[in-house]
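Residue numbers (the working numbering): 2 to 844.
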């Protein structure tokens, strides 16, 4: 009976595979699935007839499939799985006595016969041995893996000027800014934790914010915060943008502040990636040691502040009536406010704006609820804070301005504004006038070099991201660019564009990292900017000129009515842009869903990474989630190395003509996400490129960790990163190390250790910076889609990460801030009193 059932199953599966194979062949794809389907059909029919040759036919199928699989993908074990794993399991089943014993007997003969390993059963056993040998061989080496080493020390010493500069921009005992310092390096000079000691890290404390996703919050409610540490206090910003001050040694709460944000039903995001910090006493000390520079900068800022037309709503009266806070925390909120809080007690600083608040919606025009927001911290200098914005992306063409503004850190007075539609007019906009609407926003946060007097702001794309019709010349010039603005005046010093006429949402998504590079024996002030398409542009931050070569490559034209695509796109000599996909790169859990992926791949328009969106389904790889996103990269200024976590996921786009400007085209239950784009010619359907079983259609890895020598631009090591443990069913948490997508930034330390937590599985991991080898990992209570940070308190180096998950990324949701230290350094006490827990729903 089992033999009969097995035979019929093989017939049905074979018929389906052969039919799909014919479809694929007609589309110009591989004929192998036809042959595989026919092999299953023949084997099944012979088994139904109880013929031993059914085993022989299956042996031939196994050997032919193995040869084809090795020819297509070599010994890549994860790519071999959909081609051979199911067939191998069936082969083992056919070798069992329950199947092989009845073969060769009449259907009515129930007398057992002796089976042996000669003939067809032996052939099948031999084929299985070959399959097992190939499987074992595939585990010995990963063809994706790059396993060189980074230099342990710089090849040439930094000169005296660079060393002095580095001393002022390197995070040490404290973590004073989102990226450690204004340089955005995500680097710490602490050395207590090394490759030799990191394996002894233990949990020091866990703090629960009590701030969880509420019933009316958007799907993308995410805990992405990188805390700040000043002195003995850690400052945390929660998903509802509440600020909590903790004892940095014990994790006990000292105070908290709730801005009581208003979340509209149209809000796309709800997150706080971090805070800004300013210490007037440190600034005063710096001014005393560099009086001439301070005088010139302060004079320029004072001139701007005295310019006519500064909006009264910025708070001149309150500034005059109350003393400024000495130490300030700056909190931008999702509903368009900017708070200045006393870092000592969490109370609003009365001298700043109106009772501690600046209304960022001023002169923005009529804003729809949820269309304007702040999720990234401002850039804070000694005199001004500089802030961009985020918008409700791809909802409508009626978006707020992407203006970049600078406010006085003490009074909240507007100092300058940079509106890219009027790039030379940076004097504060006169009262009653409005900034240009729907210009590309700077949503990811910037970096600053105060010695050069420049702030570097990454720009996004104009919304709608995938519809290029109607963009003005200024937008075409500045969209998806890095702009360098004068800190004192806001004047444009240079701009560098990473994508021309961006139709793919490939903006500069991360804070640029600043580093003084040794180039041909000379020190060059550099800026390193990762992109969603995987290019890493290395520029002279004085001029914006490339340090690593950038070339223009021809790209395909658009075929959509009313649209065009740029004829060329820039590419960097340092790049993580993945090679173009081919049919053999398609993946799945079984041959059947892999076949569906190959059919879909052949059915879509795909001409490489810059294939323009079309009314036909278009494959976009890398997808708009980005090779790099807001987490960015980390750089070591001493060793002159970079570490990053490139993600590799394909998406599909489809332009949908709009018949009017108000209809809602969203389809309930669709696996595609729709950009409605009210007011545009097209809506856009976007979705991940997944198999029928819900796994990516492209072969893993989908995420990696990599180290780069910044002298040569060479990728020294790159390894798969993360497991599918937390994407598996709860009853089967197998940690297959396939390399998974991630979201969040890395941390690099002078001790030679890199920390990262952004993978789809709930782990904080540590890696050897020299080799990329995983050294240690700790299980987190929720997804770690944030950037870890480190500091020293009471002689103890701590590593801290926010573990609250990501609403649209599918990771475990939580509210934890988790700290680790070495065993002999674990702090006493942890957590917060339950009576002080915040409400788990928004106000």
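By construction, the Cβ of each residue, glycine as well, lies at the ideal position given by its N, Cα and C atoms.
These figures come from a predicted structure and were not determined experimentally.
Contact check, residue i vs residue j, beta carbons under 8 Å
i: residue 701; j: residue 594; result: no
i: residue 512; j: residue 821; result: no
i: residue 184; j: residue 448; result: yes
i: residue 620; j: residue 605; result: yes
i: residue 469; j: residue 504; result: yes
i: residue 751; j: residue 189; result: yes
i: residue 609; j: residue 682; result: no
i: residue 386; j: residue 353; result: no
i: residue 269; j: residue 367; result: no
i: residue 364; j: residue 337; result: no
i: residue 705; j: residue 740; result: yes
i: residue 418; j: residue 372; result: no
i: residue 489; j: residue 433; result: no
i: residue 58; j: residue 67; result: no
i: residue 240; j: residue 280; result: no
i: residue 229; j: residue 191; result: no
i: residue 720; j: residue 146; result: yes
i: residue 465; j: residue 404; result: no
Outcome for residue i when other beta-carbon atoms lying within 10 angstroms are tallied against a minimum of 16
i: residue 293; result: Because the pLDDT at residue 293 is just 47, under 50, the model does not fix this residue reliably, and the point stays unresolved.
i: residue 351; result: buried
i: residue 144; result: exposed
i: residue 19; result: buried
i: residue 379; result: buried
i: residue 356; result: exposed
i: residue 685; result: buried
i: residue 677; result: buried
i: residue 755; result: buried
i: residue 554; result: exposed
i: residue 565; result: exposed
Residues sharing a beta bridge with residue i, DSSP
i: residue 712; result: Paired residues: none, contrary to the question.
i: residue 280; result: 328
i: residue 355; result: 358
i: residue 791; result: 800
i: residue 653; result: 620 and 688
i: residue 539; result: 529
i: residue 778; result: 766
i: residue 238; result: 244
i: residue 432; result: The partner list for residue 432 (beta bridge, DSSP) is empty, contrary to what the question assumes.
i: residue 679; result: 397
i: residue 502; result: In DSSP, residue 502 forms no bridge with anything.
Assigned secondary structure, residue i (DSSP; H/G/I helix, E/B strand, else coil)
i: residue 444; result: coil
i: residue 493; result: strand
i: residue 478; result: helix
i: residue 704; result: strand
i: residue 350; result: coil
i: residue 553; result: strand
i: residue 396; result: coil
i: residue 756; result: strand
i: residue 590; result: coil
i: residue 94; result: helix
i: residue 293; result: With a pLDDT of only 47 at residue 293, under 50, the local geometry of the prediction cannot be trusted, and the value read off the model is given with reservation. Correct three-state label for residue 293: helix.
i: residue 834; result: Per-residue confidence for residue 834 stands at a pLDDT of 34, beneath the threshold of 50, marking its modelled position as unreliable; the derived number appears in the next sentence. Residue 834: coil per DSSP, three-state reduction.
i: residue 821; result: strand
i: residue 16; result: helix
i: residue 459; result: strand
i: residue 83; result: helix
i: residue 841; result: A caution first: residue 841 carries a pLDDT of 30, below 50, which makes its placement in the model too unreliable to give a value.
i: residue 273; result: coil
i: residue 608; result: coil
Own chain, CB closer than 6 Å to residue i, minus 5 neighbours either side, in chain order
i: residue 313; result: Here residue 313 scores only 31 on pLDDT, less than 50, and its place in the model is too uncertain to base an answer on.
i: residue 627; result: 510 and 533
i: residue 607; result: 620
i: residue 779; result: 765
i: residue 508; result: 461, 462 and 481
i: residue 809; result: 220 and 221
Cβ neighbours of residue i in the same chain (closer than 7 Å, five flanking residues each side left out)
i: residue 574; result: 549, 550 and 714
i: residue 813; result: 727, 763, 783, 784 and 806
i: residue 120; result: 53
Any C-beta of chain C under 8 Å from that of residue i
i: residue 476; result: Any reference to chain C falls outside this structure, which holds one protein chain only.
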